[in-house]
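Novice:
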Amino acid sequence: MVHIQNATLAGGVAVGAAASMPMEPYGAMLVGCVAGAISVVGYKIITPKMSQALKIHDTCGVHNLHGMPGVLAAVVAACLAAVSKYWDTEDRAAIFPETFSEDELAGGKGRSAAEQGGYQFLAAIITFGFAIISGTFTGFILKLPIWDEPREDNLFEDADNWDIPEETTEHAQNGPTEKYKSVNSESPM
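Number 727 marks the last residue of the sequence shown (my numbering); no jumps.
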């Protein structure tokens, strides 16, 4: 069920970049289906391999829900921009005024639709570059010894960083205590 929920959200992420552009419903459904498939493959295959090989733990599934569908969204937006010459003039003027000449529209630059698609793709590459460089830089800073990095066997242990009441820790280690059993036994379900 979790894969279906995440695949649905990934479809929305992928269509979101092109949401302001004219797209037929079948196009949105196709992009959403591809994004959903990419998301599920990411959760089932890519994340475990990434965890093993790179020691990267994507505990919230950001890579599969936003990252890979976002890359697909950037490609779809660039492709739609590249064919914008076939759009209705009003739609194209609202979204890509640069594709008109100065005579046709104030602020127009006379770009071709293919050039506009190239600009869209270049903007995506620059964005990915910034994300990779800043993420790598942040990773190096967080690996500095001044941050007292947790031991490998304690990576997911909250007690190192938070004050946790004893009964909660006991509950997690030994199963429900009498207090928790009595609360659960009174519930109507």
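Glycine is no exception: its CB is placed at the ideal position from the N, C-alpha and C atoms. All values derive from a computational prediction rather than experimental measurement.
Beta-carbon separation of P607 and I584 under 8 Å?
Specialist: no
Novice: Measure the C-alpha to C-alpha separation of E636 and P560 and round it to an integer number of angstroms.
Specialist: 17 Å
Novice: With the cut-off set at 8 Å, would you say C617 and G655 are in Cβ contact?
Specialist: yes
Novice: Comparing C-alpha positions only, which one of Y581, A557, K582 sits nearest to G570?
Specialist: A557
Novice: Beta-carbon within less than 7 Å of L547's beta-carbon, same chain only, minus the 5 sequence neighbours each way: which residues are those?
Specialist: L603
Novice: For W700, which of helix, strand or coil comes out of DSSP?
Specialist: coil
Novice: Whose C-alpha, out of S589, L610, G599, D596, is nearest the C-alpha of V553?
Specialist: L610
Novice: Need the endpoints of the alpha helix (DSSP H) that S558 sits in, please.
Specialist: S558 -> no alpha helix (DSSP H), and no H or E assigned at all.
Novice: Short of 8 Å in beta carbon distance, which residues of its chain neighbour P586, apart from the five on each side in sequence? Order them along the chain.
Specialist: none
Novice: Please confirm if the segment 664-683 is in contact with the segment 618-637, defined as three or more CB-CB distances below 8 Å between the two stretches.
Specialist: no
Novice: Of all the options A566, A545, K647, A612, which has the alpha carbon lying nearest to the alpha carbon of A662?
Specialist: A612
Novice: If you compare alpha carbons, which of A644, G645, G677 is closest to I594?
Specialist: Closest by alpha carbon: G677.
Novice: When you compare the CB positions of A566 and A615, do they come within less than 8 Å of one another, or not?
Specialist: No, these two residues do not count as a Cβ contact at 8 Å.
Novice: Which runs of the alpha helix (DSSP H) at least 4 residues long sit entirely within the segment 548-636? Give them in chain order.
Specialist: 563-579, 585-592, 606-620, 627-633
Novice: DSSP on P688, reduced to helix/strand/coil?
Specialist: coil
Novice: Assuming G655 is part of the alpha helix (DSSP H), what are its boundary residues?
Specialist: Residues 651-680.
Novice: Under the rule that 16 or more other beta-carbon atoms within 10 Å means buried, what is Q590, buried or exposed?
Specialist: exposed
Novice: Rounded to whole angstroms, what is the Cα-Cα separation between P688 and C598?
Specialist: 19 Å
Novice: On the three-state DSSP scale, how would you describe A644?
Specialist: coil
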